[in-house]
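No gaps in the numbering here: position 67 of the sequence shown is 69 in the numbering used here, and each next residue is one more.
Just so you know, even glycine gets a beta-carbon here, dropped at the ideal spot from N, CA and C.
Below is one structure; the comments refer to it alone.
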Amino acid sequence: MAAFDKVKVLVLGDSGVGKSSLVHLLCQNQVLGNPSWTVGCSVDVRVHDYKEGTPEEKTYYIELWDIGGSVGSVSSVKSTRAVFYNSVNGIILVHDLTNKKSSQNLHRWSLEVLNKDSSPTGVVVTNGDYDREQFADNPIPLLVIGTKFDQIPENKRNDVLKRTVFLSEDFNAEEINLDCTNPRYFAAGSSNAVKLSRFFDKVIEKRFLTREANQMTGFADRKRFNFKSLHYD
3 MAAFDKVKVL VLGDSGVGKS SLVHLLCQNQ VLGNPSWTVG CSVDVRVHDY KEGTPEEKTY
63 YIELWDIGGS VGSVSSVKST RAVFYNSVNG IILVHDLTNK KSSQNLHRWS LEVLNKDSSP
123 TGVVVTNGDY DREQFADNPI PLLVIGTKFD QIPENKRNDV LKRTVFLSED FNAEEINLDC
183 TNPRYFAAGS SNAVKLSRFF DKVIEKRFLT REANQMTGFA DRKRFNFKSL HYD
């Protein structure tokens, strides 16, 4: 392999939402035939051309870190995962479009990473509402991806997609909804491919092309912020 600069992107979400299938599709451009549970972390690499077709074009490696999806609140579980949360440049939040709980848990996942230096208390969930406490400011680019789009009944798709719009607004992130068993969702020139490329460009810019501190190395001293109110029915 050529010696390209690289960035580290976490892929987070509950078990069973399709993170491994997504990573395989992104890195191998193939459908994963026999997905299995990820224990700990699995890493794959995608080659990305930053600002492709422009004078600034440059090739980078995107390391996609697929984190095991247990959402147990046991401190030891979160402490074990915390070893993967160092020097992160971007985060892809993955949820199952047929499972509203997996969408709600994205807030828990993001906060676990952003507050990795804090006590692993998680986020309190009561009837779908989240504790509106203050959290560490987030300098890390985010992308929200919904999977299993093909499994949503036709008469429910509008309602589901409305919720995903609100979800992406909560994270100030773009959203992609897809079926990981169909590569056409990332066909060249498609809106999904453009969004993905734009996200990776942003990750690279934050890592290499800005003066801001952009790696997760000291959140305790950063500003605090609130998520916007959630919009789940």
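Pick from the options that is closest to residue i, judged by C-alpha positions
i           : options               : result
residue 42  : 152, 144, 67 and 35   : 67
residue 29  : 143, 51 and 47        : 47
residue 172 : 116, 103, 144 and 184 : 144
residue 52  : 96, 25, 45 and 7      : 7
residue 49  : 209, 199 and 208      : 199
residue 184 : 153, 60 and 158       : 153
residue 84  : 17, 182, 69 and 94    : 69
residue 182 : 161, 103 and 98       : 98
Inter-residue Cα distance where the pair is residue i and residue j
i           : j           : result
residue 64  : residue 13  : 12 Å
residue 57  : residue 100 : 42 Å
residue 221 : residue 157 : Reliability of the predicted coordinates at residue 221 is poor, the pLDDT of 37 falling under 50, and the value obtained from them is presented with this limitation in mind. Approximately 43 Å, taken between the alpha carbons.
residue 86  : residue 54  : 30 Å
residue 186 : residue 197 : 14 Å
residue 112 : residue 16  : 12 Å
residue 26  : residue 151 : 17 Å
residue 129 : residue 5   : With a pLDDT of 39 at residue 129, under the threshold of 50, the predicted position of this residue should be treated as unreliable, though the coordinate-derived value follows. Straight-line Cα distance between these residues: approximately 49 Å.
Status (buried if at least 16 other CB within 10 Å, exposed otherwise) for residue i
i           : result
residue 35  : exposed
residue 211 : exposed
residue 19  : buried
residue 59  : exposed
residue 71  : buried
residue 80  : buried
Rounded distance between the beta-carbons of residue j and residue i, thought under 8 Å
i           : j           : result
residue 195 : residue 202 : Not confirmed; about 11 Å, so no contact.
residue 11  : residue 62  : Residue 11 to residue 62, Cβ: 11 Å. No contact.
residue 147 : residue 205 : Actually they do not touch by this definition, with Cβ atoms about 14 Å apart.
Beta bridge counterpart(s) of residue i as assigned by DSSP
i           : result
residue 43  : 69
residue 179 : 148
Any non-hydrogen atom of the ligand COA within 7 Å of residue i CB
i           : result
residue 154 : No copy of the ligand COA appears in this structure; indeed no ligand is present at all.
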